[in-house]
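Just so you know, we're using the numbering used here here: the sequence shown kicks off at 47 and counts up by one. C-beta atoms are modelled at their ideal positions from N, C-alpha and C, and glycine is treated no differently. Computed from a prediction, not measured in an experiment: that's the story for all the values here.
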Amino acid sequence: MHKGILILALFGCLPTCGANESERGRGPQAIPVKTQIVATTERTATMEAFGTLLADESVEVRAETSGQVVGIAFADGAEVKRGAVLVRLRATEAEARLREARAQSHLAKTNLERAQKLHEFEHLSTAEMDRLGAEVETTESRQSLAEEALRKMTIRAPFHGVLGLRQVAVGDVIDPSVVITRLDDINPLEVDLALPERLSSRLETGLPLVLEVEAIPDETFNGSLSFVSSSIEPATRTITVRANIDNSAGRLKPGMSVRATLTLETPSQTIAVPAEAVMTRSDGAVVWVVANDMATSRTVRMGERLDDAVLVLSGLEPGDELIVEGLVRVREGAKVRRVDRQPQVP
47 MHKGILILAL FGCLPTCGAN ESERGRGPQA IPVKTQIVAT TERTATMEAF GTLLADESVE
107 VRAETSGQVV GIAFADGAEV KRGAVLVRLR ATEAEARLRE ARAQSHLAKT NLERAQKLHE
167 FEHLSTAEMD RLGAEVETTE SRQSLAEEAL RKMTIRAPFH GVLGLRQVAV GDVIDPSVVI
227 TRLDDINPLE VDLALPERLS SRLETGLPLV LEVEAIPDET FNGSLSFVSS SIEPATRTIT
287 VRANIDNSAG RLKPGMSVRA TLTLETPSQT IAVPAEAVMT RSDGAVVWVV ANDMATSRTV
347 RMGERLDDAV LVLSGLEPGD ELIVEGLVRV REGAKVRRVD RQPQVP
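Encoded structure:
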């Protein structure tokens, strides 16, 4: 009786024992992941920065001396060439002083010429000759000062540019503290940009850039770097660059806010991966790839960060199968099951 019970019990456990052995034979479940095939693509490294347009040259036009305005020779907003007359001051006294200085200079030269003839026959001392020569130099200096004083009575444009609003009127008595108008040289324009320190070794004069201006949508403007600072700003860890912007059409204005896209290098073949596929650890950046249906980690060296991707400088090769989703459960050597295999990384 007991033997029968024992045999039944043994046979009763066989199905259960067999099921456990079967489950152990199947091993751990494959981890579902999404992958992409790595490929190279031609990319141009660029950098965006924001700035404000500046005039190439900008100056407040002022008189060099005091005087009464007797003539204004420009209109608000006019474009003028270098040397163009802008304002005339009353010059009656300055002209009279110049005539007097010229007369004195002429007389001194005449006296010296007569003395030189007498000196040839030893009728005039050397000391007297020296005095007359000094008189000529003195009167010539006075004439030069008088000519300079008269020149200052006419205010001219110091360079080619566009004038601002007129701030004086005929009859006003002005001095060097009074601003007559503003003059801006607006072609080319300039923009100063603060770029990250890490780009300093790649910056050089001549690098091209493209400007976008909020006030002029759907249009871009070209320029190039004209200056790269020799030092880094300690507080911001940035380097200052300046670019010249072509404004021959005159559509851009000083003070406009712009977004500049700077081309750092010529197009090259690079590898870019989705930013979420890169894991940062204490020993560097890591990605996961699939090899023989198993996950394996790769240490990579990262480059520029793009909008939603990261450039990989080393550690990946074209054709590698990159895990882009399902990374939380992935472990070294773990079996994986592809639930989606996307086209090559663009």
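Exercise. Of the choices K155, A289 and A119, whose alpha-carbon is the least far from that of D238?
Worked result: Taking the first residue of the sequence shown as 1, we reach residue 238 at position 192. Closest option to D238, Cα to Cα, is A289.
For this session: Since I believe P234 is in contact with V105 (beta carbons under 8 Å), could you give me their beta-carbon distance rounded to a whole number of angstroms?
Result: Locating residue 105 in the sequence shown gives position 59, counting from the first residue. Locating residue 234 in the sequence shown gives position 188, counting from the first residue. Incorrect: roughly 17 Å between the Cβ atoms, too far for contact.
For this session: Would you mind listing the alpha helix (DSSP H) stretches within the stretch 195–259 that are 4+ residues and don't spill past its ends, in chain order?
Result: Counting only runs of 4 or more, we get nothing.
Exercise. Between the C-alpha atoms of E322 and R248, what's the straight-line distance to the nearest angstrom?
Worked result: Counted from its first residue, the sequence shown places residue 322 at position 276. Counted from its first residue, the sequence shown places residue 248 at position 202. Roughly 27 Å between the two C-alpha positions.
Exercise. For A121, which of helix, strand or coil comes out of DSSP?
Worked result: Within the sequence shown, numbered from 1, the residue matching residue 121 stands at position 75. In this structure, A121 counts as coil in the three-state DSSP scheme.
For this session: Return the CA-CA distance between T307 and V274, expressed in angstroms with no decimal places.
Result: The count along the sequence shown starts at 1 and reaches residue 307 at position 261. The count along the sequence shown starts at 1 and reaches residue 274 at position 228. Whole-angstrom Cα-Cα distance: 16 Å.
Exercise. In angstroms, rounded to a whole number, what distance separates the CA positions of D230 and L298?
Worked result: Translated into the one-based positions of the sequence shown, residue 230 becomes position 184. Translated into the one-based positions of the sequence shown, residue 298 becomes position 252. Rounded to whole angstroms, the gap between the alpha carbons of D230 and L298 is 12 Å.
For this session: Return the chain-ordered ranges of every alpha helix (DSSP H) run that is complete within the stretch 145–200 and spans a minimum of 4 residues.
Result: Listed in chain order, the complete alpha helix (DSSP H) runs (minimum 4 residues) inside the stretch 145–200 are 172–197.
Exercise. Are I285 and S246 close, meaning C-beta to C-beta below 8 Å?
Worked result: To locate residue 285, count along the sequence shown from 1; it is residue 239. To locate residue 246, count along the sequence shown from 1; it is residue 200. Yes, they are a contact pair.
Problem set entry | Cβ-Cβ distance between L135 and V116 below 8 Å | As a working note, residue 135 is residue 89 in the sequence shown. As a working note, residue 116 is residue 70 in the sequence shown. In this structure, V116 lies closer than 8 Å to L135 by Cβ.
For this session: Within the stretch 252–301, note down every full beta strand (DSSP E) run reaching 3 residues or more, in order along the chain.
Result: Taking only runs of at least 3 residues, the beta strand (DSSP E) segments lying wholly in the stretch 252–301 are 254–259, 262–274 and 284–291.
Exercise. DSSP state of E110, grouped into three classes?
Worked result: Numbered from 1 along the sequence shown, position 64 holds the residue referred to as residue 110. If DSSP states are grouped into helix, strand and coil, E110 belongs with coil.
For this session: Kindly indicate which residue of T86, L99 and T92 has the alpha-carbon position closest to the one of N293.
Result: Translated into positions along the sequence shown, residue 293 becomes position 247. Looking at the Cα atoms, L99 is the closest of the given residues.
Exercise. With C-beta atoms as the reference, is E243 less than 8 Å away from R283?
Worked result: On the sequence shown, residue 243 is found 197 positions in, with the first residue counted as 1. On the sequence shown, residue 283 is found 237 positions in, with the first residue counted as 1. Yes; because the gap between Cβ atoms is below 8 Å, this pair is in contact.
For this session: Note down the Cα distance separating E159 from L191, rounded to an integer number of angstroms.
Result: Position 113 of the sequence shown, counted from the first residue, corresponds to residue 159. Position 145 of the sequence shown, counted from the first residue, corresponds to residue 191. Looking at the two C-alpha atoms, the distance is approximately 24 Å.
Exercise. For A154 versus A195, is the C-beta distance shorter than 8 Å?
Worked result: Stepping through the sequence shown from its first residue, residue 154 is reached at position 108. Stepping through the sequence shown from its first residue, residue 195 is reached at position 149. Their beta carbons are not under 8 Å apart, which means A154 does not touch A195 by this criterion.
Problem set entry | Check whether L359 and R351 have beta carbons under 8 Å apart | Position 313 of the sequence shown, counted from the first residue, corresponds to residue 359. Position 305 of the sequence shown, counted from the first residue, corresponds to residue 351. For L359 and R351, no; Cβs fall outside 8 Å.
For this session: Pick out whichever of Q150, W334, D386 and A109 has its Cα sitting closest to the Cα of T200.
Result: The residue labelled residue 200 in the question sits at position 154 within the sequence shown. Among Q150, W334, D386 and A109, the Cα nearest to that of T200 belongs to A109.
Problem set entry | Same chain only: Cβ atoms within 8 Å of I278, ignoring 5 sequence neighbours per side | The sequence position of residue 278 within the sequence shown is 232, counting from 1. If we look at I278 and ignore the five residues flanking it on each side, its Cβ neighbours are E243, S246, T284 and I285.
Problem set entry | Where L24 falls: helix, strand or coil (DSSP) | Residue 24 is absent from the structure shown; the chain starts at 47 and stops at 392.
Problem set entry | L132 burial status per 10 Å Cβ neighbour count (16 or more: buried) | Counted from its first residue, the sequence shown places residue 132 at position 86. With 16 or more other Cβ atoms from the protein chains shown falling within 10 Å of its own Cβ, L132 counts as buried.
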